[in-house]
């Protein structure tokens, strides 16, 4: 637990406003905002622009709250891993207690305001998403099972569903298709990262698949999940949120992503280490563009339809 390990005196802190912003995981927040906005706009219901703006703002605040709570809880292992050692708490720039207070305050604010701006179902789903990420994933799954990133990926998959619910007040198959797209993308995305950040999870004693089942098994899992993801992504092109533009993007990107997964599966570990994991890094970078491009295509398909964001 974070505050057991980080007991700096007040004089040791030199906190800047940017350090508090970093607690909110702005890069993750940007993806949340984008996918939630796509979910809202893809819904077959016109939304008042002011309501839409407020809803997306409060969803972003909720995402930031999740990030702050995650950084508070994970401060001990963040300090061990090279990728996260410079985060505000382990680097000594923000007290753990302040990160916890910020996360709790923003959680309550975001849920309450989303309920007032949109509807209670959207607010309840946002509250569940924060709880899922902070408690079920961060406090339970991450340190207890190699399925951490598989099950925990649901937290990052809820934003487009929340956006859809803001617009419609209900769930639908299209919303869950967007959820599934992120959910199935998450494991190969993070496992590719785990392959070339090879010592971090070992050092932090986090049961990532590379640690518990070995790197050969991880490569196979990446391939299996990618095949399932490719089938899902292509099939989505034939649903109400798809269309010819989306389908063209999906065919190109999924061909590239599947080829990358096959290349990773075929790689010998000694060869991969000798060349600096160039293939694994390339596939990881592609995975970042993969999700953005798919949701961008869903957004463009929505903009080409007659019903969209009210008044825009």
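Residue numbers (the numbering used here): 5 to 316. The beta carbon of each residue, even a glycine, is placed where N, CA and C say it ideally should be.
In its own chain, which residues sit with a C-beta less than 6 Å from the C-beta of residue i, not counting the 5 before and 5 after it?
i           : result
residue 47  : 168, 171 and 172
residue 254 : 237, 238 and 241
residue 12  : With a pLDDT of 44 at residue 12, under the threshold of 50, the modelled position of that residue is not reliable, and the figure given next carries that caveat. These residues qualify, in order along the chain: 96.
residue 214 : 198 and 222
residue 123 : 173
residue 247 : 305
residue 208 : 81, 84 and 85
residue 33  : 64, 67 and 68
residue 314 : Residue confidence is low: residue 314 scores 41 on pLDDT, short of 50, so the model does not pin down where it sits. Its coordinate-derived value is still stated next. Contacts found: 50, 51 and 52.
residue 117 : 62
Between which two residues does the alpha helix (DSSP H) containing residue i stretch?
i           : result
residue 25  : 21-27
residue 141 : Premise fails: residue 141 is in no alpha helix (DSSP H) and is neither H nor E.
residue 112 : 100-121
residue 300 : 282-307
residue 149 : Note, residue 149: premise wrong, no alpha helix (DSSP H); not H, not E.
residue 31  : 30-46
Leaving out five residues before and five after residue i in sequence, what residues of the same chain have Cβ atoms less than 7 Å from its Cβ?
i           : result
residue 156 : 141, 145 and 146
residue 260 : 290
residue 243 : 178 and 181
residue 188 : 229, 232, 233 and 236
residue 216 : 150
residue 258 : 234, 237 and 238
I need the DSSP call for residue i, collapsed to helix, strand or coil.
i           : result
residue 272 : coil
residue 97  : coil
residue 254 : helix
residue 245 : coil
residue 279 : coil
residue 90  : coil
Once you ignore the five residues that flank residue i on each side, which residues in its own chain have a CB closer than 8 Å to its CB?
i           : result
residue 129 : 162, 165, 166 and 169
residue 175 : 165, 168 and 169
residue 152 : 141, 145, 146, 210, 211 and 212
residue 262 : 230, 231 and 234
Sorry if obvious, but does the Cβ on residue i come closer than 7 Å to a heavy atom of the ligand ADP?
i           : result
residue 107 : Of ligands this structure carries none, so the ligand ADP is not represented either.
Checklist line | Meets three-Cβ-pair contact criterion under 8 Å: the region 120-138 and the region 60-78 | finding: By the Cβ criterion, the region 120-138 is in contact with the region 60-78, since at least three pairs of Cβ atoms, one from each stretch, lie closer than 8 Å.
Notebook entry, point to check: If you scan the region 48-88 from start to end, which runs of the alpha helix (DSSP H) of 4 or more residues do you find wholly inside it?
Noted result: The region 48-88 contains these whole alpha helix (DSSP H) runs: 53-77 and 79-82.
Check: Which whole runs of the alpha helix (DSSP H) in the region 160-240 are 4 residues long or more, in chain order?
Finding: Correct list: 163-172, 177-200, 204-208, 213-216 and 219-240.
Notebook entry, point to check: Okay, do the region 180-195 and the region 278-294 touch, 3+ Cβ pairs below 8 Å being the bar?
Noted result: Flag = yes, the region 180-195 and the region 278-294 touch.
Check: Any chance the region 266-283 sits against the region 22-31, with 3 or more Cβ pairs inside 8 Å?
Finding: Not touching, per the Cβ criterion.
Note to self: Does the region 293-312 come into contact with the region 263-278, if we say contact requires no fewer than three beta-carbon pairs (one atom in each stretch) closer than 8 Å?
What the structure shows: Too few Cβ pairs lie closer than 8 Å, so no.
Check: On the three-pair Cβ rule with 8 Å, is the region 107-121 touching the region 45-63?
Finding: Here the region 107-121 lies against the region 45-63, with 3 or more beta-carbon pairs under 8 Å apart.
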